[in-house]
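Enquirer: Before I ask anything, here is the structure I am working with.
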Amino acid sequence: MLVTFWGVRGSYPIARPDNVRYGGNSTCIEIQSPGEEPLIMDGGSGIRVLGANLLGSAFGTGSGRANILIGHTHWDHILGYPFFGPLYQKGNRFTFYSAGQSEADLPLILAGQHQELHFPVPFTELRAEMVFERISPGESFSVGSYRIRSVQLNHPGITLGYRIEHEGATLVIFTDTARIMAVQQGAGMAEAVAREGLEAFQQRFRESIVGAVTGADLLVHDSHFLEDEIAGKEHWGHSTPLDALALARDGGVRRLMLFHHAPEHSDEVVDRKLAYTREAAQGSGVQVSAAREGMAVEISGRTSC
């Protein structure tokens, strides 16, 4: 699997001189394997750049096919779809996999961005064929030869992480998730806590996410906050680099990719975040990197870059 990062920021896109190296687009990841249709995770502003790249292939002539995994539908993760060129090309076909939200399916959420008060181009102007598959947290399914399992994350609404396996290589993507010991805020969690008790629920949740990452060649994980920033903001639904490292260690992950960088963080701050996480990882067997736009990582059971 070739994993390419087209957007690595959370919350909102940025364009500042001190963010040139890591990039300012919000989240979008492309997964490619020989003989497989492209697999795309998230449609933040980075998907516009990916779309321009795809238009130089079969997608430019209306014969492209791709599959899109939706983590959740907060704006920083979907705002790029109206600017995704291949969606305007008749003949292209995209299959979206999403849990939607409790009150709305994905088509309604995406169409909402095209309401005339927000955007001048109607949703009906998207000429590509769009197929919407609703999935549930914990569901396993296949896309081509990819074997995919979803897991619910600790974030407002219904938010999914994905474990993606292909020919012996395993990629896990957790874009938005918070400390379960501090806050429980995913859909259905309050009811589960009331039913099971807080401590039992926290243990079960932790076991579920450790199980999802166990043995992964690459874990792409939310590292939005620095360690001294998160106090009082746990309910924002994000993690720190050391939270991500702890999960990688518990799951025997080979490589950890820090992701969903806060837009307030300059290149220098991300460098510092990477440095102290690498120091903390010494002796753990976990190799730590920080995602940047344009980075491509090849995983094939043994991770390389």
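Be aware that the sequence shown starts at 15, since it is given in the working numbering, and climbs by one per residue. Quick reminder that beta carbons are idealized off the backbone N, C-alpha and C, glycines included. The structure presented is a predicted model; accordingly, all values stated were derived computationally and were not measured.
Alpha carbon to alpha carbon, what distance is there between A208 and H169?
Expert: 18 Å
Enquirer: Tell me, to the nearest whole angstrom, how far the beta carbon of F273 is from that of D236; I am working on the premise that it is less than 8 Å.
Expert: 6 Å
Enquirer: Assuming contact is defined by CB atoms lying nearer than 8 Å, are D56 and H88 in contact in what I supplied?
Expert: no
Enquirer: Note down the Cα distance separating H279 from D257, rounded to an integer number of angstroms.
Expert: 18 Å
Enquirer: Only counting the same chain, and skipping five residues up and downstream in sequence, which positions put a Cβ closer than 7 Å to that of S116?
Expert: I172, A201
Enquirer: For the beta strand (DSSP E) that contains M55, what are its first and last residues?
Expert: 53-55
Enquirer: Would you grab the beta carbon distance between A113 and L167 for me? Rounded to a whole angstrom, and I think it's under 8 Å.
Expert: At roughly 11 Å, the Cβ-Cβ gap does not stay under 8 Å, so A113 and L167 are not in contact.
Enquirer: Excluding five sequence neighbours on each side, which residues of the same chain lie with their C-beta closer than 6 Å to the C-beta of F155?
Expert: I162
Enquirer: Go ahead and label H249 buried or exposed: buried means 16 or more other beta carbons lie within 10 angstroms of its beta carbon, across all protein chains shown.
Expert: By the 10 Å Cβ count, H249 comes out exposed.
Enquirer: Is the Cβ of Q217 closer than 8 Å to any Cβ of chain B?
Expert: Included in the structure is just one protein chain, with no chain B present.
Enquirer: Threshold first: 4 residues or longer. Then list the alpha helix (DSSP H) segments lying entirely within the region 98-135, N to C.
Expert: 120-126
Enquirer: Just to confirm before moving on: does the CB-CB distance between T109 and N81 stay below 8 Å?
Expert: yes
Enquirer: Rank I244, I194, F188, I54 by C-alpha distance to the C-alpha of L262 and give the top, closest one.
Expert: Rather than Leu, the amino acid found at residue 262 in this sequence is Ala. The option with the nearest alpha carbon to A262 is F188.
Enquirer: Closest to I137 by C-alpha separation, out of L122, G65, S222, would be which residue?
Expert: Contrary to the premise, residue 137 reads as Phe rather than Ile in this sequence. Closest option to F137, Cα to Cα, is L122.
Enquirer: Give the secondary structure of S222 by DSSP, where H, G and I count as helix, E and B as strand, and everything else as coil.
Expert: helix
Enquirer: Report, in whole angstroms, the separation of the C-beta atoms of D281 and Y36, which I expect to be a contact under 8 Å.
Expert: 6 Å
Enquirer: Tell me which residues share the same chain as I194 and place their Cβ nearer than 7 Å to its Cβ, disregarding the 5 neighbours each side in the sequence.
Expert: N168, Q216, F219, R220
Enquirer: What span of residues does the alpha helix (DSSP H) with D190 cover, start to end?
Expert: Where D190 is concerned, there is no enclosing alpha helix (DSSP H), given that its DSSP letter is neither H nor E.
Enquirer: Tell me whether G60 sits in a helix, a strand or coil according to DSSP, three-state version.
Expert: Assigned with DSSP and collapsed to three states, G60 falls in helix.
Enquirer: Can you give me the C-alpha to C-alpha distance between M271 and A206, rounded to a whole angstrom?
Expert: 31 Å
Enquirer: Checking 8 Å against the spacing of the C-beta atoms, do G38 and R62 come in under that value?
Expert: Annotated as distal: G38 and R62, with beta-carbon spacing of 8 Å or more.
Enquirer: Quick one: what's Q166 bridged to in DSSP?
Expert: L174
Enquirer: Taking T191 as the reference, which of S159, D32, I149, S253 has the closest Cα?
Expert: Of S159, D32, I149, S253, the residue nearest in Cα terms is S253.
Enquirer: Alpha carbon to alpha carbon, what distance is there between A304 and V284?
Expert: 8 Å
Enquirer: Name, in chain order, the residues that DSSP records as bridge partners for H235.
Expert: In DSSP, H235 forms a bridge with F188, L272.
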